[in-house]
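Protein chains in written order, with the working numbering: chain A, 1 to 334; chain B, 1 to 298.
Where is the CB? At the ideal position from N, CA and C, for every residue including glycine.
All of these numbers come straight from a predicted model, not from anything done at the bench.
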């Protein structure tokens with residue numbers, strides 16, 4: 001098992017090297033002078049020269065890539081063009097917001113997705129089953145950004161139940177320690193801030209959770225259906241166990257194994273795919289930041305953000321693979 | 001005449017294609033999808049004849065008219081008008097053209113390149129397989145929409161680049177499926193027979209093996225069509241896809257966003273159109289999977 005974990009972890013290295021090549025090449029193939037792209041149109045000739053020197057633009061392409069890689073390893077992602085702040089500092093501020101939102105969305109997806117899936121599987125071909133499966137198909141077909149706007153229109157603007165955007169109200173004081181506002185609020189026992197943070201978190205998390213919720217529900221249903229057909233379930237029923245015990249104690253343990261994989265993969269997708277939701281709800285996370293970088297043509301932000309999100313995605317997927325092998329004894333790790 | 005009809009209907013003598021077609025028509029999910037897609041395609045093809053107004057013509061005195069059933073609405077603008085007085089319904093109908101084109105072009109790119117790469121990897125194995133699949137892994141290392149956004153950011157915004165970007169990010173899913181099917185078929189006797197009669201590699205791949213791998217490709221293409229429409233709408237919503245005045249559904253939602261309180265209908269109806277279009281392709285994909293390739297059921 002340890003060998004498998006080590007091997008699986010080592011595969012990250014070539015994948016991330018590949019990712020860095022793509023991120024590097026994108027800037028190299030973009031028409032125009034990379035130094036000017038990175039510094040903006042109003043850069044002075046001296047600063048442009050300094051940037052060319054820094055990037056090694058006068059050297060051959062593979063040397064440039066080597067320099068790029070060296071900076072990456074040192075976590076030197078440069079400065080943004082617009083705010084003139086270190087990219088890594090901005091990432092430290094924004095990534096927790098994205099993780100917080102993704103975790104909240106995953107929590108909702110698992111809670112409702114698994115429940116729907118179990119009920120549908122135990123009542124296959126019932127009206128509930130048909131409705132929930134049609135609902136989940138609608139869920140995966142829904143444009144998330146549109147759902148976000150509809151939620152804002154109904155629950156924020158018309159009913160006034162939730163705030164329209166942002167992470168925390170202007171009048172709320174919160175001592176920021178980790179940048180995970182929920183944790184910060186609990187840590188400092190600031191219950192008023194906690195309520196406000198959760199209040200702000202609800203609508204974006206609901207919007208972001210639709211697609212994973214639908215996928216988790218479908219996966220849980222099909223996996224539970226398969227498990228419920230097994231002989232050991234028939235044995236459990238034959239010895240007179242109650243249906244609840246059969247489903248929750250015997251079937252669920254095996255039924256949830258494939259669901260774990262799907263949940264993990266979806267979480268990885270959310271980390272990078274929250275761009276649209278974050279933009280709609282003005283959520284100050286990495287997704288909205290990358291989008292703003294694209295709009296302002298801030299290539300430092302695009303480079304740094306893409307590298308970060310792809311790395312997070314690859315790491316999460318690797319963890320999911322390892323976790324799957326750990327919890328599923330049937331998987332051959334050779 | 002009856003003999004000709006029998007070639008389609010008689011289970012004994014007809015081509016196996018019709019067996020699968022019959023299975024698809026018996027599948028309620030698939031039929032529901034087909035109906036939605038037919039409406040969608042008809043709208044796209046006959047847009048100039050169905051649409052009550054010109055989709056890009058401004059009408060300064062007709063701005064932000066509500067839908068017909070609301071107070072102040074008129075039957076000539078069934079779903080209301082936007083801030084330039086353009087008829088929403090007409091823009092939605094013409095928008096079906098844009099979405100259909102996005103689907104055809106980007107899924108076309110993905111199917112063509114994905115099948116080519118997957119077939120080469122699965123047939124030759126060894127280093128071509130390694131190189132191709134590692135490149136696919138790298139594409140898969142980015143969450144899809146992010147890579148599309150970044151590609152468009154570098155290539156420049158516009159519908160053409162958006163379609164290319166969406167096509168590129170979908171290549172791996174086809175390459176993986178085709179590779180697996182080709183590897184499975186490769187072991188079968190008919191491939192050996194083809195080689196024994198002296199067929200060249202290209203002929204074996206394209207004339208013998210690939211026709212037997214079509215089922216999963218078709219299923220994936222239908223599902224891919226839906227996600228291409230969704231991704232394109234997302235890109236256009238961010239201003240990176242279709243540019244004004246092209247009547248694209250995602251761009252229409254983006255425009256309606258600024259007047260969400262004054263005119264909810266401007267952003268609501270395009271969202272419903274996207275939802276229905278994508279739902280149609282997902283339903284069809286599910287139905288096709290059940291009919292053509294039961295092994296793929298999740």
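Quick check: what's the CA-CA separation for residue i versus residue j?
i	j	result
residue 302 of chain B	residue 280 of chain B	Past the edges of chain B, shown from 1 to 298, lies residue 302 of chain B, and the structure says nothing about it.
residue 130 of chain B	residue 136 of chain B	10 Å
residue 274 of chain A	residue 105 of chain A	10 Å
residue 16 of chain B	residue 220 of chain B	20 Å
residue 180 of chain B	residue 213 of chain B	9 Å
residue 168 of chain B	residue 106 of chain B	8 Å
residue 210 of chain A	residue 134 of chain A	13 Å
residue 20 of chain A	residue 208 of chain B	39 Å
residue 14 of chain B	residue 289 of chain B	22 Å
residue 199 of chain A	residue 231 of chain B	29 Å
residue 43 of chain A	residue 37 of chain A	10 Å
residue 203 of chain B	residue 123 of chain B	12 Å
residue 14 of chain A	residue 314 of chain A	11 Å
residue 244 of chain A	residue 122 of chain A	10 Å
residue 54 of chain A	residue 298 of chain A	18 Å
residue 102 of chain A	residue 117 of chain A	21 Å
residue 144 of chain B	residue 165 of chain B	10 Å
residue 16 of chain A	residue 311 of chain A	7 Å
residue 248 of chain A	residue 227 of chain A	12 Å
residue 49 of chain A	residue 84 of chain A	18 Å
residue 326 of chain A	residue 261 of chain A	12 Å
residue 2 of chain A	residue 257 of chain A	20 Å
residue 109 of chain B	residue 171 of chain B	8 Å
residue 38 of chain B	residue 60 of chain A	54 Å
residue 22 of chain B	residue 282 of chain B	19 Å
residue 335 of chain B	residue 150 of chain B	What the structure shows of chain B is the stretch from 1 to 298, and residue 335 of chain B is not part of that stretch, so it cannot be assessed.
residue 87 of chain A	residue 78 of chain A	6 Å
residue 109 of chain A	residue 212 of chain A	6 Å
residue 279 of chain A	residue 291 of chain A	8 Å
residue 94 of chain A	residue 80 of chain A	14 Å
residue 51 of chain A	residue 164 of chain A	41 Å
residue 148 of chain A	residue 141 of chain A	14 Å
residue 302 of chain B	residue 274 of chain B	Beyond the ends of chain B as shown, which are 1 and 298, falls residue 302 of chain B; an answer cannot be given.
How would you label residue i, buried or exposed, when you count the other beta carbons within 10 angstroms and need 16 or more for buried?
i	result
residue 91 of chain B	buried
residue 146 of chain A	buried
residue 181 of chain A	buried
residue 121 of chain B	buried
residue 62 of chain A	exposed
residue 229 of chain A	exposed
residue 28 of chain A	exposed
residue 89 of chain A	exposed
residue 249 of chain B	buried
residue 266 of chain A	buried
residue 27 of chain B	buried
residue 45 of chain B	exposed
residue 25 of chain A	exposed
residue 235 of chain A	exposed
residue 201 of chain B	exposed
residue 367 of chain A	No statement about residue 367 of chain A is possible, as the shown extent of chain A runs from 1 to 334 and does not include it.
residue 269 of chain B	buried
residue 318 of chain A	buried
Which partner residues does residue i have in the DSSP bridge list?
i	result
residue 220 of chain A	Per DSSP, none; premise fails for residue 220 of chain A.
residue 81 of chain B	B:87
residue 226 of chain A	None, per the DSSP bridge assignment.
residue 86 of chain A	A:79
Below 8 Å, how does it come out for the region 189-201 of chain A and the region 162-175 of chain A: are there three or more Cβ pairs, yes or no?
yes
Residues of the region 212-233 of chain B in Cβ contact with chain A at a cutoff of 8 Å, in chain order, please.
226, 230 and 233
Of the residues that make up the region 251-263 of chain B, which ones have a beta carbon closer than 9 Å to any beta carbon in chain A?
253, 254, 256, 257, 260 and 261
Listed in chain order, which residues of the region 118-145 of chain A have Cβ atoms closer than 7 Å to some Cβ of chain B?
137, 138, 140, 141, 142, 143 and 145
Interface positions of the region 259-291 of chain B facing chain A (Cβ-Cβ less than 9 Å), listed along the chain
260, 261, 264, 267, 268, 270, 271, 272, 274, 275, 276, 277, 278, 279, 280, 281, 282, 283 and 286
Interface residues of the region 18-32 of chain A facing chain B [CB-CB below 7 Å]:
18, 19, 22, 26 and 30
Residues within the region 280-302 of chain A neighbouring chain B, beta-carbon criterion of under 9 Å
280, 287, 290, 291, 293, 294, 295, 297, 299 and 302
Does the pairing of the region 186-200 of chain B with the region 153-161 of chain B give three or more beta-carbon distances under 8 Å?
no
Identify each residue in the region 212-229 of chain A for which the Cβ-Cβ distance to at least one residue of chain B is less than 8 Å, and report them in chain order.
218, 219 and 222
Positions along the region 307-332 of chain A whose CB lies within less than 7 Å of some CB in chain B
309, 310, 313 and 314
Does the region 151-158 of chain A come close enough to the region 222-240 of chain B to have 3 or more Cβ pairs within less than 8 Å?
no
Which of the residues in the region 20-35 of chain B, read from start to end, lie with their CB under 9 Å from any CB of chain A?
29
Chain-ordered residues of the region 52-63 of chain A with a beta carbon less than 9 Å from chain B:
none
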